[in-house]
Structures are given as C-alpha cells and as structure tokens.
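Here is the structure we will look at, set down as structure tokens.
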Amino acid sequence: MSLTPVLLGLGSNIARERHLLAGLEALSEVLAGMRCSPVFESLAVGIKSGNFYNLVVHGFTALPLLELDRRLKFIEADNGRYAPDRKGLPLDIDVLTYGDRAGQFDGLLLPRPEILKNAFVLWPLALLEPGMRHPGVGRSFAELWAATSIDQQLWPVPFQWRGLELTPSALIKAYPRPDTDGFP
Numbered sequence: 000m001s002l003t004p005v006l007l008g009l010g011s012n013i014a015r016e017r018h019l020l021a022g023l024e025a026l027s028e029v030l031a032g033m034r035c036s037p038v039f040e041s042l043a044v045g046i047k048s049g050n051f052y053n054l055v056v057h058g059f060t061a062l063p064l065l066e067l068d069r070r071l072k073f074i075e076a077d078n079g080r081y082a083p084d085r086k087g088l089p090l091d092i093d094v095l096t097y098g099d100r101a102g103q104f105d106g107l108l109l110p111r112p113e114i115l116k117n118a119f120v121l122w123p124l125a126l127l128e129p130g131m132r133h134p135g136v137g138r139s140f141a142e143l144w145a146a147t148s149i150d151q152q153l154w155p156v157p158f159q160w161r162g163l164e165l166t167p168s169a170l171i172k173a174y175p176r177p178d179t180d181g182f183p
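The letter at position 62 of the sequence shown is residue 61 when you use numbering that gives the first Met the number 0, and the numbering goes up by one with no holes.
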C-alpha cells in the first residue's frame, strides 16, 4: 500500500482550542507520521466573526483523495460544523495539497488557492515544510512566504497537543499579539 503525503489546513473560531484538539485527535486516526505547524491567531477573513486559530498538518494517507475529503467532512460534522444552530465555524479542515497533484479533482482544486492568498495558511506552511515546493508554482513555501505581500495580521499563540508545545515560545516572543483597537 502506497502512502501519499498531504498537507491539511485547520481552523476554528468557536471554542478554538477544544475543536482544534478534537480535530487533531481525529486526524491522528487517518494520517500516519502526522506533524503540526505552530498555531496562529488571526482576524477572520471573508466572514464577520471572532478571531480564528489556524494551523497546518502534514501526514501520509493511504486513502484516495475523495475518501480523505469525505472523512474530513465527517470530522468537521462531529465537531458541529454543519449544525443548523451553530454560530461561527467550530472546525474547518481543508486539503491544501495531496501529493504533487495540481488541477481539478471531482470538485477539489489542488493545490488549494488559499495557500497563496492567506497568511494564516502560508506562514504555517513555511514553518512546517520550508523546503517543500508548491505543486502549482514550483517555489518552496519558505520562498513564497519571504516574497509575499499578503496584508493580514496574525500572531503565534501557545498551543499544546499530546504534551507537545506546537508553538515555540521564541516564535511567540518574536511576534507578540498586537495591542491595538479592534482585537478582542
């Protein structure tokens, strides 16, 4: 059985820590060799809501792309993503890359365009997989982050999973949370 490397983006703006932890636990049943980026807090993009927590996960799967995406939808549903009375986004999990595939695959566009549009995706990618190349652009995630002009505010936040500190304290000190109006 061959394994495909995947990058997944996770985000939450409701009970953020609880939902991200639940998502990571569920993903650990689906992915082998799972590694996580630091966790970042950011203002919401595209919706009016509270701040988000975001991170990127790298792992390997034996699942075909559409089955992986279906399992991710189940994990989101288990965390209230599709509840009729929900307010905000409890858990969002997106396939960012699936191997080196590029193009449209049964409704999934890969690599996911948000990689190049959102700092809360690209910065964690650059930290987790700096030398990995974007399948569509061919430049490394670190090169893309260094050259980006994305205008979004985000900052690293302390976060632990299974006793591991996902966000190094040095990163938190280097990029402290801004003390400006408009931040909760």
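Beta carbons: idealized from backbone N, C-alpha and C, even for Gly.
*Would you kindly check if the distance between the Cβ of W160 and the Cβ of L23 is under 9 angstroms?*
In this structure, W160 lies closer than 9 angstroms to L23 by Cβ.
*asked:* Taking only three categories from DSSP, how would you classify L185?
replied: No answer is possible for residue 185: the residues shown for the chain start at 0 and end at 183.
*Distance, Cα to Cα, H57 vs V94?*
H57 and V94: Cα-Cα distance of roughly 10 angstroms.
*Nearest candidate by alpha-carbon position, reference A141, set P129, S148, D84 and Q152*: The candidate whose alpha carbon is nearest that of A141 is P129.
*For I74, count neighbouring C-beta atoms within 10 Å of its own C-beta (all shown protein chains included) and say buried if the count is 16 or more, exposed if not.*
That one is buried.
*Are the stretch 84–91 and the stretch 161–168 touching, with three or more C-beta to C-beta distances below 8 angstroms?*
Not touching, per the Cβ criterion.
*May I ask you to report which of helix, strand or coil DSSP gives A14?*
A14 falls in the coil class under three-state DSSP.
_For G58, three-class secondary structure by DSSP_ = G58 falls in the strand class under three-state DSSP.
*From the DSSP output, which residues share a beta bridge with E164?*
As a beta-bridge residue in DSSP terms, E164 pairs with Q159.
*Take R100 and list the residues in its own chain whose beta-carbon comes closer than 6 angstroms to its own, dropping the five residues that flank it on each side.*
Result list for R100: L109, in chain order.
*asked:* Do L107 and H133 have their beta-carbon atoms positioned less than 9 angstroms apart in this structure?
replied: If you check the CB distance, H133 and L107 do not come in under 9 angstroms.
*Locate the beta strand (DSSP E) running through E40, then write down its first and last residues.*
Note, E40: beta strand (DSSP E), V38 to S41.
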